[in-house]
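>
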Amino acid sequence: MLRDGIVASKEKRQQYYGIITAETERLTRLVNNVLELSRLERKDRPLNMTVGDVAPLIEEVVGILGPHAEQEGFLIQVNLDSNLPSVRYDRDALLQVLFNLVDNAIKYSRGAPQKEITISCRREKDGLLLSVADRGPGVPPRHMKAIFQPFYRAENELTRSSKGTGIGLALVRGLVDRMGGSIHCENAETGGFVASISLRSASA
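Numbering (our numbering), first residue to last: 38 to 241.
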């Protein structure tokens with residue numbers, strides 16, 4: 038319709054362009070996830086480790102995913118402690134980790150009464166703790182141990198309401214492990230799902 042000039046309204050054209058862009062970016066991330074997971078499983082994923090501040094990278098993630106989140110009715114909040122330590126990480130790997138965690142938060146909390154995602158970062162003894170939290174239904178406790186398995190989906194195949202491949206968290210854990218960090222997921226007492234990543238400081 039856009040190609041043939043059938044859509045006369047400028048507002049409608051912009052809306053359709055936005056949908057096309059968002060879906061293209063989503064498919065790009067999906068393909069990248071599949072390729073990255075394959076490389077991790079083959080132990081063929083080199084890292085370019087650096088030492089630095091993660092705050093600019095978090096701002097970059099929000100800048101890229103913010104319009105998509107807003108289109109879905111979500112607000113992304115960022116809470117960063119002051120004087121965060123420099124930590125060791127691979128820039129591309131950490132970007133992909135955060136893309137997946139925020140994308141999951143949007144995907145699985147669409148029905149939440151409060152559509153809010155919080156990215157927080159605070160100092161820890163040996164580095165920092167980076168968390169992504171949503172206000173969705175969380176994960177049933179019986180499924181919590183299995184969520185890092187590739188292609189695992191907690192929802193029933195016939196009744197699931199969200200699209201996805203089930204490789205996001207498997208990839209996240211693989212990349213975090215390769216960076217020498219660790220990841221822990223839990224249901225928040227106040228509701229929602231929280232994924233927390235520990236990254237070690239340069240001096241640890």
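Cβ atoms here follow ideal geometry from the backbone N, Cα and C, with glycine treated the same way.
Because the structure is a prediction, the values reported are computed rather than measured.
Can you tell me the Cα-Cα spacing of K182 and E223, whole angstroms?
Taking the straight line from one Cα to the other gives about 10 Å.
> How close, in whole Å, do the beta carbons of V91 and V124 come, if the pair is a contact with beta carbons under 8 Å?
Yes, V91 and V124 are in contact; Cβ-Cβ is about 6 Å, under 8 Å.
> Can we say the stretch 103 to 121 touches the stretch 172 to 182, given the rule of at least three CB pairs closer than 8 Å?
No, the stretch 103 to 121 is not in contact with the stretch 172 to 182.
> Give me the residue from M38, M86, V68, G42 with the minimum Cα distance to G217.
Closest by alpha carbon: M86.
> Assign S119 to buried or exposed, taking buried as 16 or more other Cβ atoms, counted over all protein chains shown, within 10 Å of its Cβ.
Flag for S119 reads exposed.
> Just to confirm my understanding: we take R237, look at its own chain, exclude 5 residues before and 5 after, and list those with CB closer than 8 Å. What are they?
Result list for R237: V124, R125, D163, G164, G217, G218, in chain order.
> Mark V169 as exposed unless 16 or more other C-beta atoms lie within 10 angstroms of its C-beta, in which case mark it buried.
By the neighbour-count rule (16 or more Cβ atoms within 10 Å), V169 is buried.
> Is the distance from the Cβ of R160 to the Cβ of L102 below 9 Å?
Going by C-beta atoms, R160 is not nearer than 9 Å to L102.
> Taking 9 Å as the cut-off, decide whether the C-beta atoms of I154 and I143 are in contact.
Result yes, Cβ atoms of I154 and I143 sit closer than 9 Å.
> With the cut-off set at 9 Å, would you say N137 and R82 are in Cβ contact?
No; because the gap between Cβ atoms is not below 9 Å, this pair is not in contact.
> Can you name the residues that DSSP bridges to S238?
The partner list for S238 (beta bridge, DSSP) reads V124.
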